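Worksheet for the structure shown next.
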Amino acid sequence: MMSSFLSKLLTARQAIFTEEEIEILEMNYILHPMEALVDFQAKLKDEKQMEDFGVLISSSLFEHLKKRFSIDESKIADLWLDLFNLLGFGKLNVINLDEKQSVLEIKNCNFAKIYLSKYKQQKQPVCHIIRGVIKNTFERIYGKKFQCKELQCLAAGSKSCTFKVELA
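Letter by letter, the sequence shown follows residues 0 to 167 in numbering that gives the first Met the number 0.
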């Protein structure tokens, strides 16, 4: 089923899919298999670089949204959440939201599911890109330094991927 947010974007002609481009809110995207990111991370074997990649993804999106809508970063949270849920990682649910400590969950994290199917059950969480995206988002919204830790991961045998975000 198509997400209601994507349906609204398509209706308002804010999401365009042609042979030449994929454009959402006047920002170009690429379409590639999630498995490519999973394999890239498995080959790279560097959690910090994958987290930094997630930070870059989030930074790029924030800068575009600020310019596109002329709004403050602290006001981008709802739009960011809708866009995150379109990226294909899974639906991010906010369990607890507080500036000092928050908990977020992805019940059917596609990244972790694919990682598990290709590389078997892991001893540690694997969603480093997502961790970076979440960390940077909190830093942008609140204007403070945060750390994000994946507490539970589907690829490590948990029922979902759960992230704790707290002030650094």
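Every residue, glycine too, gets a C-beta built ideally from N, C-alpha and C. All values reported here derive from a predicted model rather than from experimental measurement.
Cβ shell of residue i (< 6 Å), same chain only, five flanking positions each side left out
i: F83; result: L91
i: K163; result: V102, K148 and L150
i: V93; result: L103
i: E46; result: H127
i: E204; result: Given a span of 0 to 167 for the chain in the structure shown, any question on residue 204 remains unanswerable.
i: E50; result: H127, R130 and G131
i: Y28; result: I21
Which residues DSSP lists as bridging residue i, in chain order
i: T161; result: E104 and Q151
i: N27; result: E22
i: N95; result: V102
i: F16; result: I21
i: L166; result: F145
Residue environment, residue i, which counts as buried when at least 16 other CB atoms sit within 10 Å
i: S6; result: exposed
i: T161; result: buried
i: M1; result: exposed
i: G142; result: exposed
i: I75; result: buried
i: R12; result: exposed
i: F68; result: exposed
i: S116; result: exposed
i: L36; result: buried
Rounded distance between the beta-carbons of residue j and residue i, thought under 8 Å
i: F110; j: F88; result: 5 Å
i: L85; j: F16; result: About 12 Å; that fails the 8 Å criterion.
i: K119; j: V54; result: With 8 Å as the limit, K119 and V54 do not qualify as a contact, their Cβ atoms being about 28 Å apart.
i: K106; j: S159; result: 5 Å
Proximal residues to residue i (C-beta, below 8 Å), its chain only, five neighbours per side dropped
i: L30; result: I21
Neighbourhood of residue i by C-beta distance below 7 Å, restricted to the same chain and skipping five residues each side
i: K112; result: L153
i: E72; result: F61, K65, R139 and I140
i: S58; result: N135
i: F52; result: I128 and G131
Do the region 98 to 116 and the region 18 to 25 meet, that is, are 3 or more Cβ pairs less than 8 Å apart?
Judged by Cβ distances under 8 Å, the region 98 to 116 makes no contact with the region 18 to 25, as fewer than three pairs qualify.
Touch check for the region 62 to 81 and the region 32 to 42: three-plus C-beta pairs under 8 Å?
Fewer than three beta-carbon pairs drawn from the region 62 to 81 and the region 32 to 42 are found closer than 8 Å, and the two stretches are therefore not classed as touching.
The region 140 to 150 contacting the region 120 to 132, beta-carbon criterion three pairs below 8 Å:
Taking 8 Å as the limit for Cβ pairs, the verdict is that the region 120 to 132 does touch the region 140 to 150.
At least three beta-carbon pairs within less than 8 Å, the region 119 to 128 to the region 149 to 159
Yes, the region 119 to 128 touches the region 149 to 159.
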